[in-house]
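Participant:
Residue numbers (our numbering), protein chains in the order written: chain U, 4 to 221; chain B, 4 to 221; chain D, 1305 to 1576.
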């Protein structure tokens, strides 16, 4: 049985997308699916159709990190006693650090510390890195060229987020200026050896658009 | 979210059976499902409902030896077998080799082996070359004129680096908790941005079509 | 018995035991001064931006005072924060100087900045709670438990992060260091010239066949190894054989080597 028929109809494309996603070991991107479908197949439509079809069922279609996957419905988690894995527990400090990275990315270690008012203890960042929730992203173009951190796909997959723009409350926080890293001047505890007006190094502009690029990768 | 409601209706039972079958690591018997469902739940009816629901879809409900499972429709198996693409997971050896090339570039095969302490299998370097992470860079002006390796553009793209200058250095490794104070003195990471070496010749053989790009980048 | 029972001060060393941070104490779950301030600010039950910073400063100073009264050693940053807040409070209470001195940020601005920091930290706290509340993979939602035998592997993604790269690098360099790092390994060879001189010195005494081991100098544990003494002595003796000053004999392969001076090669009067 080979793929010889011409122009499979919408239903057929939907069936195939369904089968592909169902059989896949991980979330699949539209591009990955397109490679296995006839040219010109409308994957967006198929995904929308499937999403509607599975809405409210025991299994649902979900977009994570720009990829698609089926997963069980969250309200049925109580059934899954056998499948549940004891998650690695993140400390409060680690979770807060993760949140700061997620909402402010790309962000440097010093910036994380300045939001929390304490230095990051050993083991926090490397745990997040090791779990694959966080990645080193690049370097800030500022003196010292500090490394910046960002979230990784696994973070989005774990928390079921399509992209970092879907973080809970992110739009409101941004609107309220809460995600601004250039703190108003003057918070620094006065240090006689330093002028208080000394501004922080400007943060690389166009931070947000870069998120998107990260996941495009070839 | 606990199972407190009394007598979930048929639709709900069907949802739960659907989720259980989906998440299970293998086929489930009716008895196994019954254990996780409210007493008196009509599993037979739920299975019949699901079977009808998935009839003709990309995924079907199947009963083998009194156990139930979902599987992709047999007529779509060509979709699955088609793509047995090389999983693009870097092996440990490949990752380690890549790391040495990244930090020590330009580096010869013998030098890589001296850091690794084992010889590199042919496949490892070939894979990295083929993936476009690594390129032939030149020839060392030393006996035997060994080929030197360096990272290629795809490497920078994948790791989100603007240039090799942006590779994390010792301080970053320490910050990420990878290095501790007990490290023997003299541990140094070479600066990958060292310029073009005088002790190196360009590759003149025709076997290196990538060569033209070499001196365009940094 | 004693009423001086320590009140339930539930503190513990902060999550890790890094020497550098060992004395950061986690005060009743607070990680640092800012977290304490946030908790205190919440008790005012107002919008964090409308917070009374003077009240907050007083509450914080009282907190620090209490902690010290209990002989609780506070980490330095708590005290720095205390003195900064005392300073800020005094400036806020002072009648506003006309225009102020040019180099000072107005106290109101500093207070607003503090309120902003608290608001930001609060937002991040809420965000981490919101994240925790989301359905999480393998805790609340589950992907297919048994993907098809002919698994479709997402292929346009390569599973390696910069962190993986860094750790791979560090792991290897550690291994390499372990292989090479051996301070006693320095090899010192017995120079051939020295061996020749040594042989010429003792040659007059080698009237009889003598095993190589007895001819070569003995290692004293500091200089070259015994093997090196033997090897160099042998090489030098072969040179002397070539010159006709010496004879070497071995009865079988791997058997002992015997050395003897060649009678004609040297003037006899040198013999003591």
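Here a beta-carbon is modelled for each residue, glycine too, at the ideal position from N, C-alpha and C.
Fair warning: this is a prediction, and the values are worked out from it, not measured in the lab.
1. Rounded C-beta distance between residue 154/B and residue 137/B? I'm assuming under 8 Å.
2. Whole angstroms is fine: what's the gap from residue 39/U's alpha carbon to residue 65/U's?
3. Thinking residue 91/U and residue 134/U are a contact (beta carbons under 8 Å), I'd like their distance in whole angstroms, please.
4. Bridge partners for residue 32/B per DSSP, in chain order?
5. Starting from residue 171/B, find everything on chain D with Cβ-Cβ shorter than 7 Å and list it in chain order.
6. Taking the alpha-carbon positions, what's the residue 1329/D to residue 1370/D distance?
7. Counting only the same chain and skipping the five closest in sequence on each side, list residues whose C-beta sits under 7 Å from that of residue 203/B.
8. Round the Cβ separation of residue 68/U and residue 129/U to the nearest angstrom and send it over; I've been treating them as touching at under 8 Å.
9. Return no unless some Cβ of chain D is closer than 8 Å to the Cβ of residue 110/B.
10. Closer than 8 Å, Cβ to Cβ, to anything on chain U: give me those residues from the region 9 to 37 of chain B, in chain order.
11. Could you tell me the alpha carbon to alpha carbon distance between residue 3/U and residue 1426/D, rounded to whole angstroms?
12. Step through the CB atoms of chain U and report whether any lies within less than 8 Å of the CB of residue 113/B.
13. From 97/B, 19/B, 42/B and 46/B, pick the residue whose C-alpha is nearest to that of residue 131/B; which is it?
14. Rounded to the nearest angstrom, what separates residue 82/B and residue 23/U at their Cα positions?
15. If distances are taken between C-alpha atoms only, which option among 1358/D, 1351/D and 1518/D comes closest to residue 1424/D?
16. Hey, is residue 152/B's beta-carbon within less than 8 Å of any beta-carbon in chain D?
17. Between residue 1354/D and chain U, is there a C-beta pair that is closer than 8 Å?
18. Count the other CB atoms within 10 Å of the CB of residue 189/U; is the residue buried (16 or more) or exposed (fewer)?
19. Can you confirm whether residue 1443/D, when its beta carbon is compared against all beta carbons of chain B, has any partner nearer than 8 Å?
20. So, at 6 Å on beta carbons, what are the nonlocal neighbours of residue 158/U in its own chain, with the 5 sequence-adjacent residues on each side left out?
21. Do three or more CB pairs link the region 103 to 117 of chain U to the region 1473 to 1480 of chain D at distances below 8 Å?
22. In chain order, what residues of the same chain have a beta carbon less than 7 Å from the beta carbon of residue 127/U, not counting five sequence neighbours either side?
23. Between residue 1530/D and chain U, is the shortest Cβ-Cβ distance under 8 Å, so that the two count as touching?
24. Below 8 Å, can you find three or more Cβ-Cβ pairs linking the region 1498 to 1514 of chain D to the region 1549 to 1566 of chain D?
25. Examine chain B for any beta-carbon lying closer than 8 Å to the beta-carbon of residue 39/U, and answer yes or no.
26. How big is the Cα-Cα spacing for residue 123/U and residue 1528/D?
27. What's the gap between the Cα of residue 107/B and the Cα of residue 1465/D?
28. Alpha carbon to alpha carbon, how far is residue 1545/D from residue 1539/D?
29. For residue 120/B, go through chain D and note every residue whose CB falls closer than 7 Å to its CB, in chain order.
30. Output, in chain order, the set of chain B residues within a Cβ distance shorter than 7 Å of residue 83/U.
31. Would you mind giving the Cβ-Cβ distance between residue 31/U and residue 70/U, rounded to the nearest angstrom? I have them listed as a contact below 8 Å.
32. Quick check: the Cα distance between residue 14/B and residue 167/B, rounded to an integer number of angstroms?
33. Which residues of chain B have a Cβ atom closer than 9 Å to the Cβ of residue 1462/D, listed in chain order?
34. So, helix, strand or coil for residue 87/B, using DSSP?
35. Give a yes or no on whether 8 Å exceeds the smallest Cβ distance from residue 1448/D to chain B.
Facilitator: Considering the structure as presented:
1. The Cβ separation is near 6 Å, so the contact holds.
2. Going from the Cα of residue 39/U to the Cα of residue 65/U covers about 20 Å.
3. So it is a contact: roughly 7 Å between Cβ atoms.
4. BP columns for residue 32/B point to 70/B.
5. At a C-beta separation below 7 Å, residue 171/B has these neighbours in chain D: 1466 and 1470.
6. Residue placement at residue 1329/D cannot be trusted, given a pLDDT of 40 that sits under 50; the coordinates are not used to answer.
7. Taking C-beta separations shorter than 7 Å and ignoring five residues to either side along the sequence, the partners of residue 203/B in its chain run 109, 141, 142, 143, 144 and 151, following chain order.
8. Not really, about 22 Å apart at Cβ, beyond 8 Å.
9. No, no contact with chain D.
10. With the criterion set as a beta carbon lying under 8 Å from some beta carbon of chain U, the members of the region 9 to 37 of chain B are 17, 18, 19, 20, 21, 22, 23, 25, 26, 27 and 28, in sequence order.
11. With chain U running from 4 to 221 in the structure shown, residue 3/U is simply not present.
12. So, not an interface residue.
13. Here the closest residue by C-alpha is 97/B.
14. Answer to the nearest angstrom: the Cα atoms are 7 Å apart.
15. Residue 1351/D holds the alpha-carbon nearest to the alpha-carbon of residue 1424/D among 1358/D, 1351/D and 1518/D.
16. Output row for residue 152/B: interface = no.
17. Not an interface residue.
18. The pLDDT assigned to residue 189/U is 42, lower than 50, so where the model puts this residue is not dependable; a value taken from the coordinates is nonetheless given after this. Buried, by the Cβ-count rule.
19. Output row for residue 1443/D: interface = no.
20. Correct list, in chain order: 136.
21. The region 103 to 117 of chain U is not in contact with the region 1473 to 1480 of chain D.
22. Result list for residue 127/U: 96, 97 and 100, in chain order.
23. So no, residue 1530/D is outside the interface.
24. Cβ pair count under 8 Å is three or more, so yes.
25. Among the residues facing chain B, residue 39/U is included, as its CB has a counterpart in that chain under 8 Å away.
26. Taking the straight line joining both Cα atoms gives about 51 Å.
27. Whole-angstrom Cα-Cα distance: 18 Å.
28. Using only the alpha carbons, I get a separation of about 10 Å.
29. Neighbourhood of residue 120/B in chain D, by CB distance below 7 Å: 1479, 1480 and 1483, in chain order.
30. Within chain B, the residues near residue 83/U are 26.
31. 6 Å between Cβ atoms; contact.
32. A straight line joining the alpha-carbon of residue 14/B with that of residue 167/B spans about 57 Å.
33. What residue 1462/D touches in chain B: 91, 92, 93, 134, 136 and 161.
34. Confidence in residue 87/B is poor, its pLDDT being 46 and thus under 50, which makes the residue's placement unreliable; the coordinate value appears in the next sentence. Correct three-state label for residue 87/B: coil.
35. Contacts with chain B at 8 Å (Cβ-Cβ) include residue 1448/D.
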